[in-house]
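K.L.:
Take this structure, written in structure tokens, and hold onto it; I'll ask about it next.
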Amino acid sequence: MSFITLTSDFGTKDHFVGAVKGAIYSELADAKIVDITHEISPFNITETAYILKNSYKSFPKGTIHIVGVDSELSADNKHIAISLDDHFFVCPDNGLISMIASEIQPTKIVEINIHDRVESSFPVLDVFVKVACFIARGGNLTVIGKEIKEYKKLIEIQPKVNQEQNQIIGGVLYIDNYGNVITNISRKMFNDIGKGRTYKINASRYTFTKIYNKYNEITDNNSTDTMQFDGNKLAIFNSAGFLEIAVYRSNLKTVGGASTLLGLEYRDPVIVEFFMESKPEYSSLN
Numbered sequence: 263m264s265f266i267t268l269t270s271d272f273g274t275k276d277h278f279v280g281a282v283k284g285a286i287y288s289e290l291a292d293a294k295i296v297d298i299t300h301e302i303s304p305f306n307i308t309e310t311a312y313i314l315k316n317s318y319k320s321f322p323k324g325t326i327h328i329v330g331v332d333s334e335l336s337a338d339n340k341h342i343a344i345s346l347d348d349h350f351f352v353c354p355d356n357g358l359i360s361m362i363a364s365e366i367q368p369t370k371i372v373e374i375n376i377h378d379r380v381e382s383s384f385p386v387l388d389v390f391v392k393v394a395c396f397i398a399r400g401g402n403l404t405v406i407g408k409e410i411k412e413y414k415k416l417i418e419i420q421p422k423v424n425q426e427q428n429q430i431i432g433g434v435l436y437i438d439n440y441g442n443v444i445t446n447i448s449r450k451m452f453n454d455i456g457k458g459r460t461y462k463i464n465a466s467r468y469t470f471t472k473i474y475n476k477y478n479e480i481t482d483n484n485s486t487d488t489m490q491f492d493g494n495k496l497a498i499f500n501s502a503g504f505l506e507i508a509v510y511r512s513n514l515k516t517v518g519g520a521s522t523l524l525g526l527e528y529r530d531p532v533i534v535e536f537f538m539e540s541k542p543e544y545s546s547l548n
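Count the sequence shown with the numbering used here and you get residues 263 to 548, in order.
Structure follows, in structure tokens:
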């Protein structure tokens, strides 16, 4: 039996998550259900895409991912099921899949058409669960909908390159549980555009001229009192390969996080500027 994951902005206070799990178990008593998160900021498609892109590959091939963020059916927000990278995604066509499919093209996309039989104000429960369980039983996607070739593109998450000014103009994509600020500037883009040149990173009123490979590199790995570095600001490429502005050993209840200390919020600009000078203090991770 395939794994079924759940990602939503439902939170855990209300009955929604429990109802969805109950509906899955009612159809598949031996289902294996995993919560990725239910703490997505309400209706935040970009945040959803970032979390899914960096979590789905950890699951076995054949896993079915139900996505319940901004899922109400409309003429502009259809429901789709996708086969991509040997995984299945049952989700709204609101642009979130474009980040997941930025490097790997979907094998098959169908527009779900069971709505003629199911009218619902809770499509994750009444539509997505049925589709996911059908796929889990080995059902073919073309049975639940007509095949389509296109899906909505989420243009806003793409950084821009200004060749004349030697800049990458990115922005805040996600703020994690530590208050660290993740941008949409990837390590690959940084290396491709920078070509080993010196640089500076402008984030709010702060400037960074060094990118660390690990958080604790800021301590020089020699200090016996690493606590003296708590709260220091740094730039790093995180495990997902995106440029991150962080605070060493951040704690939102004490020293604060990069978001609050630097005044950075979702969509705020982060700009990398390159110069024709000596090589920066940064070694690419292979």
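Built from N, CA and C at the ideal position, the CB exists for glycine as well. Note that the structure is a prediction, hence the values are computed from the model and not measured.
Considering only residues of the region 370–457, which uninterrupted alpha helix (DSSP H) runs meet the minimum length of 4 residues and lie entirely inside it, listed in chain order?
P.N.:
391–398, 403–406 and 449–456
K.L.:
Measuring from the CB of residue 276, is there a heavy atom of the ligand SAM at a distance below 6 Å?
P.N.:
This structure does not include the ligand SAM; it has no bound ligands of any sort.
K.L.:
Using a Cβ-Cβ cut-off of 8 Å (strictly less than) and excluding sequence neighbours within five positions of residue 410, which residues of its own chain qualify?
P.N.:
342, 371, 372 and 373
K.L.:
Does the beta-carbon distance from residue 347 to residue 414 come in below 7 Å?
P.N.:
no
K.L.:
Tell me which residue opens and which closes the alpha helix (DSSP H) that residue 363 is part of.
P.N.:
Note, residue 363: premise wrong, no alpha helix (DSSP H); not H, not E.
K.L.:
So what's residue 287 in DSSP terms, helix, strand or just coil?
P.N.:
Of the three classes helix, strand and coil, the one that applies to residue 287 here is helix, per DSSP.
K.L.:
In three-state terms, what does DSSP make of residue 336?
P.N.:
strand
K.L.:
State the CB to CB distance for the pair residue 473 and residue 447, rounded to an integer number of angstroms; the pair is presumed to be in contact (CB under 8 Å).
P.N.:
Not quite, the Cβ-Cβ distance comes to about 11 Å (not below 8 Å), so this is no contact.
K.L.:
Assign residue 331 to one of three DSSP states: helix, strand, or coil.
P.N.:
Annotated three-state conformation of residue 331 is coil, per DSSP.
K.L.:
Helix, strand or coil for residue 320, going by three-state DSSP, please let me know.
P.N.:
helix
K.L.:
Based on DSSP bridge pairs, tell me the residues matched to residue 296.
P.N.:
267
K.L.:
Given this structure, state the Cα-to-Cα distance separating residue 264 from residue 503, to the nearest angstrom.
P.N.:
C-alpha separation (whole angstroms): 28 Å.
K.L.:
Alpha carbon to alpha carbon, how far is residue 307 from residue 509?
P.N.:
26 Å
K.L.:
Does the region 350–365 come close enough to the region 286–297 to have 3 or more Cβ pairs within less than 8 Å?
P.N.:
no
K.L.:
Give me, in chain order, the residues of the same chain whose beta-carbon lies closer than 7 Å to that of residue 529; leave out the 5 immediate sequence neighbours on both sides.
P.N.:
433 and 434
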